[in-house]
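Novice:
Have a look at this one:
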């Protein structure tokens, strides 16, 4: 089968699926040649937003690195999910959990979704002391080793990041 038009010849295609406004929208959604994220508001320059988020992430990480991990764990905490155990730990110790720890706990709960063990309380599968120790270990890693640049990148991508930042502020 032969082609009716050579490859290098331009052909106009008319379609109901796209319009000239689609092209305008693509051009208008770019700043300095880069596609804008839906998380960035247009009333502030991108660099200003980035530096503000970076500054907040740096302050957050500095604060979290100063909050001491409890040396002695309280009591055996019954729980049915990782997020529930995290909430109990926050109440019992009066401490926030790191943004990344909160995300990790949510992901761990999501891993159980649609499994045969989804409805089974987690404390029946994992001993509460081991589960609490695991959370504190993950928390220590996040508090001591996380780069504020990484947190800022995540926050810029997630406009709801504040839902994973705890509002508990213990005195250091």
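In the UniProt record's numbering, the protein residues as written are 1 to 172. From the three backbone atoms N, C-alpha and C, an ideal C-beta is built for every residue, glycine too.
(1) Do you know how far the Cα of residue 150 is from the Cα of residue 58?
(2) Applying the criterion that 16 or more other CB atoms from any shown protein chain within 10 Å of the CB defines a buried residue, is residue 113 buried or exposed?
(3) Between the Cα of residue 121 and those of 110, 50 and 78, spot the shortest distance and give me the residue it belongs to.
(4) Any chance you could list the alpha helix (DSSP H) runs of at least 4 consecutive residues sitting entirely within the stretch 118-165, in chain order?
(5) Where does residue 76 sit, in a helix, a strand or coil, going by DSSP?
(6) Which value, in whole angstroms, describes the spacing of the CA atoms of residue 51 and residue 124?
(7) DSSP three-state label for residue 81, please.
(8) When you compare each of 83, 96 and 106 to residue 70 by their alpha carbons, which one comes out closest?
(9) Helix, strand or coil: how does DSSP classify residue 53 here?
(10) Taking all protein chains shown into account, decide if residue 132 is buried (16 or more other Cβ within 10 angstroms of its Cβ) or exposed.
(11) Compare the C-beta of residue 53 with all C-beta atoms of chain C and state if any pair is closer than 8 Å.
(12) Sort 76, 86, 94 and 72 by Cα distance to residue 171 and report the nearest one.
(13) Quick one: using the 10 Å Cβ neighbour count with 16 as the cut-off for buried, is residue 148 buried or exposed?
(14) So is residue 61 buried or exposed if we call it buried at 16+ other beta carbons inside 10 Å?
(15) Taking C-beta to C-beta, are residue 106 and residue 138 nearer than 8 Å?
(16) Is DSSP giving residue 66 helix, strand or coil here?
(17) Between which two residues does the alpha helix (DSSP H) harbouring residue 100 extend?
(18) Quick check on the burial criterion: 16 or more other C-beta atoms within 10 angstroms. Buried or exposed for residue 164?
Specialist: Reading from the atomic positions:
(1) Within the chain shown, residue 58 is the residue found at index 58, counting from 1. Within the chain shown, residue 150 is the residue found at index 150, counting from 1. For residue 58 and residue 150, the distance between alpha carbons rounds to 10 Å.
(2) As a first step, residue 113 is located in the chain shown; it is residue number 113 there, counting from the start. By the 10 Å Cβ count, residue 113 comes out exposed.
(3) Residue numbering aside, residue 121 sits at position 121 when the chain shown is read from its first letter. For residue 121, the nearest C-alpha among the options comes from 78.
(4) Correct list: 128-145 and 148-157.
(5) One-based indexing of the chain shown puts residue 76 at position 76. Three-state DSSP puts residue 76 in coil, outside helix and strand.
(6) What you label residue 51 is simply residue 51 of the chain shown in a count that begins at 1. What you label residue 124 is simply residue 124 of the chain shown in a count that begins at 1. Residue 124 has its alpha-carbon roughly 46 Å from the corresponding atom of residue 51.
(7) Taking the first residue of the chain shown as position 1, residue 81 is located at position 81. Note: residue 81 maps to coil in three-state DSSP.
(8) For the purposes of this step, residue 70 is taken as the residue at position 70 of the chain shown. Ranking 83, 96 and 106 by Cα distance to residue 70 puts 96 first.
(9) By one-based count along the chain shown, residue 53 stands at place 53. Of the three classes helix, strand and coil, the one that applies to residue 53 here is helix, per DSSP.
(10) Within the chain shown, numbered from 1, the residue matching residue 132 stands at position 132. Classification of residue 132: buried, given that the 10 Å Cβ count is 16 or more.
(11) Looking for chain C here will not work: only one protein chain is present.
(12) Translated into the one-based positions of the chain shown, residue 171 becomes position 171. Relative to the Cα of residue 171, the nearest Cα in the group 76, 86, 94 and 72 belongs to 94.
(13) Within the chain shown, numbered from 1, the residue matching residue 148 stands at position 148. Answer is buried; the Cβ neighbour count reaches 16.
(14) One-based indexing of the chain shown puts residue 61 at position 61. Taking all protein chains shown into account, residue 61 has 16 or more neighbouring C-beta atoms within 10 Å of its C-beta and is therefore buried.
(15) Walking along the chain shown from the start, residue 106 turns up at place 106. Walking along the chain shown from the start, residue 138 turns up at place 138. No, the Cβ-Cβ distance between residue 106 and residue 138 is not below 8 Å.
(16) Working through the chain shown from its first residue, we reach residue 66 at position 66. Under the three-state reduction of DSSP, residue 66 is assigned to helix.
(17) Translated into the one-based positions of the chain shown, residue 100 becomes position 100. From DSSP, the alpha helix (DSSP H) with residue 100 extends over 99-112.
(18) Within the chain shown, the letter at position 164 stands for residue 164. Of the other Cβ atoms in all chains shown, 16 or more fall within 10 Å of the Cβ of residue 164; this residue is therefore buried.
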